[in-house]
Amino acid sequence: MENERFARMQKTTRLHLGMEATETLQRLTDFPDQPKAMDYFYDFFRRTFADGLTLPPRPAEQKVIGTMCLQVPDELIVAAGAKPLRLCSGAYAFDQVGAEMLPAKSCPLVRATTGMLHANHPDWGRELAAVVIPTTCDQKKKCGEMIATMPYPVYNLEMPSTKDSEASRLYWQESVKQFTLDLQGITGRKITARSLQAAITQGSAASALFRRLDDLRKSGGPVIFGKDIFLVTSGYFIDDPERWGNAVHHLITELEERKQAGLTVGNRAAPRLLLTGSPPIFPNLKVPILVEQSGGVIVADEVCSSNRLLSDGVAYDQVTLNDMVPAVADRALKPCTCPCLTPNHDRSRRLVELIRDRGIEGVVYQAFSGCLPYEMEQRQINTTLSGIGVPMLYLETDYSPEDQGQLATRIEAFIESIIARRRKK
Amino acid sequence: MNRFRDFINTIRISRLRFWTQIVAFLLLVYGGYLAVNIGNELPTFACVFTDQRGGSCYLMGFQHQMSLPWNRLFSGRGIGVVMGFLTFVGIFMLLNKAWCGFLCPLGTIQDWLTAARRKTGLMYATYGEGVFQRLSTIKYILLALLILLPMAIGNSFFGLPKLNHDFGVPFCMICPGRTLLPIFQGDLSQLAIDFSSTTKMVLTTLGLLVTGLFLAGAFYKKRFFCLFCPMSALHTIFHRAGLLRLTKNGTKCTRCGNCYRVCDVGIRAIADDLDHHNIVKDDCMMCFKCVEMCPEEGCLKITFLGLPIYQSTEKGFFTRMGRRTHGK
Chain A
1 MENERFARMQ KTTRLHLGME ATETLQRLTD FPDQPKAMDY FYDFFRRTFA DGLTLPPRPA
61 EQKVIGTMCL QVPDELIVAA GAKPLRLCSG AYAFDQVGAE MLPAKSCPLV RATTGMLHAN
121 HPDWGRELAA VVIPTTCDQK KKCGEMIATM PYPVYNLEMP STKDSEASRL YWQESVKQFT
181 LDLQGITGRK ITARSLQAAI TQGSAASALF RRLDDLRKSG GPVIFGKDIF LVTSGYFIDD
241 PERWGNAVHH LITELEERKQ AGLTVGNRAA PRLLLTGSPP IFPNLKVPIL VEQSGGVIVA
301 DEVCSSNRLL SDGVAYDQVT LNDMVPAVAD RALKPCTCPC LTPNHDRSRR LVELIRDRGI
361 EGVVYQAFSG CLPYEMEQRQ INTTLSGIGV PMLYLETDYS PEDQGQLATR IEAFIESIIA
421 RRRKK
Chain B
1 MNRFRDFINT IRISRLRFWT QIVAFLLLVY GGYLAVNIGN ELPTFACVFT DQRGGSCYLM
61 GFQHQMSLPW NRLFSGRGIG VVMGFLTFVG IFMLLNKAWC GFLCPLGTIQ DWLTAARRKT
121 GLMYATYGEG VFQRLSTIKY ILLALLILLP MAIGNSFFGL PKLNHDFGVP FCMICPGRTL
181 LPIFQGDLSQ LAIDFSSTTK MVLTTLGLLV TGLFLAGAFY KKRFFCLFCP MSALHTIFHR
241 AGLLRLTKNG TKCTRCGNCY RVCDVGIRAI ADDLDHHNIV KDDCMMCFKC VEMCPEEGCL
301 KITFLGLPIY QSTEKGFFTR MGRRTHGK
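Line by line, the protein sequences give chains A and B. Under my numbering, the first residue of the first sequence is numbered 1, with each subsequent residue one higher. Under my numbering, the first residue of the second sequence is numbered 1, with each subsequent residue one higher.
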């Protein structure tokens, strides 16, 4: 009976997920002048989400290690010969599964991720060698306990809730060192200085590519929509890094050519916006799509599924594990602007710098209802932004498609007001 | 021009430093053979005990001058002392702390020891923050002593008896430059303990002890000795006015801490200080590894008379990291 119910749930979820992905991809591609090189990413997500969520193809002996939050140092997992898979889900279909297990007012991202692991546990429970959850926000921490009972081999990566003191930095380094040792047990492969160096180089290459892509949005007429950027970075969660890198490389080449030829996507003078707050992850690209359908263009972001995920590079001083492991740990903690860290002045500083550097005219702040850290930081970010005279639109939303009409009205009004401000100047 | 700039910003300044240090070492330690002498007021350890040197450390002459009795120090003789000091300040300001990072022979020896440790795969030692703060005050005490002890030779403090002339150059007696640099010219005589007087015996014994500490310390701790260097303490007074500068644009800093990670001296402020534009700190030796390892466009800059020479760039950072199989 129980099994039957589960099988039915699994089947409908799979169906819903497929529909949701198709619908989102339909809306993503429904823009004029799309770069050709984006097709790789559209196809990738079409394939991956078509029939449930399939884990990416990989060599049979390679272990997959699921991670939540960008504080998990992927480099170590790669160095141990395993495939890191970022689990944070943006799927409403999984959100609905998770909603049955978690409180009504919890964060949709946590619900969706928990739901995804639940719906896939018969296969994934075997396939995932570990689910690594850093102790970031309360909901991620507590969902870990639930996920462990499904069962999955959950690994709690201890993280400090502040990063300013030297003590917190050392605590985190110790915790990452322990993780390095435990990873070798999980994968059965030794992490060597050489393998870690190669993994760091691989991570750096991805960061360098992302930065080049991101730099193309810095100035001039927009050559790529923000919604596409979020799709590209969502791809980094699951795709093979080499294939992903090649595809991004092609995209950059095409965009550079377009820039040279003076081609733009959408209106050349579209209001330049920045998106910050809770992370947009495929298929939940609702807000970016609405913003860009309404005539704005997202030319910068400050979210953990994109800019924050891929901006930073590891700096080590010598090729030995006892220098490189702490270096990797530093990369994951020190520049992080996650609101689970207190105080988080670095986030407002980063926003101000992005606004200055990219000529941002307005900020869209997306907070998932139930994601308290982002909801609470909204006020202080708003104060900072009004201090420098940049308008901010605060959107509290979730994964359900129901609030789209209401959101669209507010976004349109916001963009109208930015255009009106220009006239006044 | 822009392409030239781009090229400059992608080079590895550490590599440039490595070769500069070798050239400077040869010049300062062996310059005498080529009849080179670049001055007697150098703000770096070009040791006077090395016979065929290419220039002289200012501290030796400075200590000598400090042993003059007051009445002579404040007479016509004082003009020479002041001129010497101004020359020292002038030469120092030209290159600022880069004298330490690029030219100092003792610094270079420490970097060679670091390279040797690296080959063995051993981890470097670091200090906790509190220890670092406390240790870095030692150099000021040494500076005070190297002024006060010679002064007590020519003058009587508070009616106390004057010190004997064996205290003439007290810092030189314990400086590892005196014991180590002559060795490079085959002169081992400085490694002896001088039994001619009690003072000399104590000072030369201390000197050998410090030399031992220097060698062992620098092997495990990068730039171990620099934290105690009284020359660096003397620099501190003028480094803010140096012509060569390291500057930081705090608004561009993400506080990722890459600069602090690779800092050989362990200056935390380079990552956390967001307010100061001129970011050269007391213990900085201007090796510019921080600039190399900063991924933020134009966050850290090296300037000379306000003109940018080299700066941190995204491209530079990733190019260097990609190219590197590190070590050298």
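Just so you know, even glycine gets a beta-carbon here, dropped at the ideal spot from N, CA and C. Computed from a prediction, not measured in an experiment: that's the story for all the values here.
(request) Spatial neighbours of B:ASN278 within its chain, please: CB distance less than 7 Å, with the 5 preceding and 5 following residues excluded, ordered by chain position. (result) To locate residue 278 of chain B, count along the second sequence from 1; it is residue 278. In the same chain as B:ASN278, and ignoring 5 residues on each side of it, the C-beta atoms closer than 7 Å to its own belong to ARG240, ARG245, THR247, in chain order.
(request) Specify the secondary structure class of A:GLU158 as computed by DSSP and reduced to three states. (result) By 1-based counting over the first sequence, the position of residue 158 of chain A is 158. Note: A:GLU158 maps to coil in three-state DSSP.
(request) Could you say if the stretch 6-21 of chain B and the stretch 102-116 of chain B meet the contact criterion of at least three C-beta pairs nearer than 8 Å? (result) Under the three-pair Cβ rule at 8 Å, the stretch 6-21 of chain B counts as touching the stretch 102-116 of chain B.
(message) Using a Cβ-Cβ distance cut-off of 8 Å, determine whether A:PRO241 contacts chain B.
(response) In the first sequence, residue 241 of chain A corresponds to position 241, counting from 1. Chain B, which has no Cβ nearer than 8 Å to the Cβ of A:PRO241, makes this no.
(message) I'd like to know if the stretch 201-220 of chain B and the stretch 69-78 of chain B are in contact, where contact means that at least 3 CB-CB pairs between them fall below 8 Å.
(response) No, the stretch 201-220 of chain B is not in contact with the stretch 69-78 of chain B.
(message) Quick check: what's the CA-CA separation for A:GLY359 versus A:VAL291?
(response) Along the first sequence, one-based indexing puts residue 359 of chain A at 359. Along the first sequence, one-based indexing puts residue 291 of chain A at 291. Distance between the alpha carbons of A:GLY359 and A:VAL291: 17 Å.
(message) Which runs of the alpha helix (DSSP H) at least 4 residues long sit entirely within the stretch 176-233 of chain A? Give them in chain order.
(response) Within the stretch 176-233 of chain A, the complete alpha helix (DSSP H) runs of at least 4 residues are 193-215.
(request) Specify the secondary structure class of B:ARG268 as computed by DSSP and reduced to three states. (result) Position 268 of the second sequence, counted from the first residue, corresponds to residue 268 of chain B. It is coil, neither helix nor strand.
(request) Could you pull the start and end residues of the beta strand (DSSP E) that A:ALA300 belongs to? (result) By 1-based counting over the first sequence, the position of residue 300 of chain A is 300. A:ALA300 -> beta strand (DSSP E) spans 297-302.
(request) Figure out for me which residue from A:LEU85, A:MET146, A:MET68 has the closest Cα to the Cα of A:GLU100. (result) Walking along the first sequence from the start, residue 100 of chain A turns up at place 100. Ranking A:LEU85, A:MET146, A:MET68 by Cα distance to A:GLU100 puts A:MET146 first.
(request) Whole angstroms is fine: what's the gap from A:SER89's alpha carbon to A:ALA329's? (result) Here residue 89 of chain A refers to the residue found at position 89 when the first sequence is read from its first residue. Here residue 329 of chain A refers to the residue found at position 329 when the first sequence is read from its first residue. Cα to Cα, the separation comes out at about 24 Å.
(message) Please state the DSSP three-state secondary structure of A:LYS11.
(response) As a working mapping, residue 11 of chain A is identified with position 11 in the first sequence. Here A:LYS11 sits in helix by DSSP.
(request) In angstroms with no decimal places, state the Cα-to-Cα distance between A:ALA436 and A:GLY245. (result) Outside the shown range of chain A, which is 1 to 425, sits residue 436 of chain A, and nothing can be said about it.
(request) Compare the Cα-Cα distances from A:ALA327 to each of B:LYS289, B:TYR260, B:MET285, B:CYS284 and report the closest residue. (result) Residue numbering aside, residue 327 of chain A sits at position 327 when the first sequence is read from its first letter. Ranking the options by Cα distance to A:ALA327, first place goes to B:TYR260.
(request) Use the C-beta contact count for A:GLY370: other C-beta atoms within 10 angstroms, 16 or more gives buried, fewer gives exposed. (result) Against the first sequence, residue 370 of chain A aligns to sequence position 370. That one is buried.
(message) Against chain B, with Cβ distances strictly below 8 Å, would A:GLU4 count as a contact?
(response) Taking the first sequence and counting its residues from 1, one reaches residue 4 of chain A at position 4. Judged by the 8 Å Cβ criterion, A:GLU4 is not in contact with chain B.
(request) Going by DSSP, name the residue or residues bridged to A:PRO134. (result) On the first sequence, residue 134 of chain A is found 134 positions in, with the first residue counted as 1. In DSSP, A:PRO134 forms a bridge with A:LEU157.
(request) Just mark B:GLU314 as buried or exposed, buried being the case when its beta carbon has 16 or more other beta carbons within 10 Å. (result) Working through the second sequence from its first residue, we reach residue 314 of chain B at position 314. So B:GLU314 counts as buried.
(message) Along the stretch 292-316 of chain A, where does the CB come closer than 9 Å to a CB of chain B? Name the residues.
(response) SER311, ASP312, GLY313, VAL314, ALA315, TYR316
(message) Quick check: the stretch 159-179 of chain A against the stretch 49-68 of chain A, are at least 3 beta-carbon pairs closer than 8 Å?
(response) no
(request) Under 9 Å between beta-carbons, which chain B residues line up against A:ASP323? List them in chain order, please. (result) Here residue 323 of chain A refers to the residue found at position 323 when the first sequence is read from its first residue. Near A:ASP323 (Cβ distances below 9 Å), the residues of chain B are MET123, TYR124, ARG261.
(message) Any beta carbon of chain A sitting closer than 8 Å to that of B:ARG118?
(response) Residue mapping note: residue 118 of chain B aligns to position 118 of the second sequence, counting from 1. At least one chain A Cβ lies under 8 Å of B:ARG118.
(request) Evaluate the contact criterion for the stretch 225-245 of chain A versus the stretch 11-21 of chain A: three or more CB pairs, one atom per stretch, below 8 Å. (result) no
(message) Considering only the alpha carbon of each residue, which of A:VAL97, A:GLN184, A:LEU255 lies closest to A:VAL265?
(response) In the first sequence, counting from the first residue as 1, residue 265 of chain A sits at position 265. With distances taken between Cα atoms, A:VAL265 lies closest to A:LEU255.
(message) I'd like the span of the beta strand (DSSP E) that includes A:MET392, first residue to last.
(response) As a position in the first sequence, residue 392 of chain A is number 392, starting the count at 1. Element bounds for A:MET392: 392-397.
(request) In the DSSP assignment, find the unbroken beta strand (DSSP E) run with A:PRO373 in it and report its ends. (result) Here residue 373 of chain A refers to the residue found at position 373 of the first sequence. For A:PRO373, there is no enclosing beta strand (DSSP E); the enclosing alpha helix (DSSP H) covers residues 372-387.
(request) Buried or exposed for B:HIS165, please, with buried defined as at least 16 other CB atoms from any protein chain shown within 10 angstroms of its CB. (result) Residue mapping note: residue 165 of chain B aligns to position 165 of the second sequence, counting from 1. Per the 10 Å Cβ criterion, exposed.
(message) For a contact defined as C-beta to C-beta under 9 Å, what are the partners of A:SER204 on chain B?
(response) On the first sequence, residue 204 of chain A is found 204 positions in, with the first residue counted as 1. Under the 9 Å cutoff, chain B gives PHE317, PHE318, MET321, GLY322.
(message) Contact defined as beta carbons within less than 8 Å: I believe A:ASP312 pairs with B:PRO295. What is the distance between those atoms, to the nearest angstrom?
(response) Within the first sequence, residue 312 of chain A is the residue found at index 312, counting from 1. Within the second sequence, residue 295 of chain B is the residue found at index 295, counting from 1. That belief holds up - the Cβ atoms of A:ASP312 and B:PRO295 are roughly 7 Å apart, short of 8 Å.
(message) Suppose only complete runs of 4+ residues qualify. What are the alpha helix (DSSP H) ranges in the stretch 322-363 of chain A, listed by chain order?
(response) 345-358
(request) Answer with buried or exposed for A:GLN62, where buried requires no fewer than 16 other C-beta atoms within 10 angstroms of its C-beta. (result) Here residue 62 of chain A refers to the residue found at position 62 of the first sequence. Classification for A:GLN62: exposed.
(request) Answer yes or no: do A:ILE65 and A:ALA130 have a C-beta to C-beta separation smaller than 8 Å? (result) Taking the first residue of the first sequence as position 1, residue 65 of chain A is located at position 65. Taking the first residue of the first sequence as position 1, residue 130 of chain A is located at position 130. Yes, the pair counts as a contact, with Cβ atoms nearer than the cut-off.
(request) Output, in sequence order along the chain, the residues in the stretch 73-94 of chain A whose CB is closer than 7 Å to any CB in chain B. (result) none
(request) Decide if the stretch 289-304 of chain A is in contact with the stretch 221-240 of chain A; the criterion is three or more beta carbon pairs, one per stretch, under 8 Å apart. (result) Flag = yes, the stretch 289-304 of chain A and the stretch 221-240 of chain A touch.
(request) Could you tell me which of A:ARG86, A:TYR394, A:THR135, A:LYS105 sits nearest to A:MET116, measuring between CA atoms? (result) Position 116 of the first sequence, counting from 1, holds the residue named residue 116 of chain A. Considering only alpha carbons, the answer is A:ARG86.
(request) Using 10 angstroms around the beta-carbon of B:MET231, count the other beta-carbons present and answer buried if the total reaches 16, otherwise exposed. (result) In the second sequence, the residue the question calls residue 231 of chain B occupies position 231. Of the other Cβ atoms in all chains shown, 16 or more fall within 10 Å of the Cβ of B:MET231; this residue is therefore buried.
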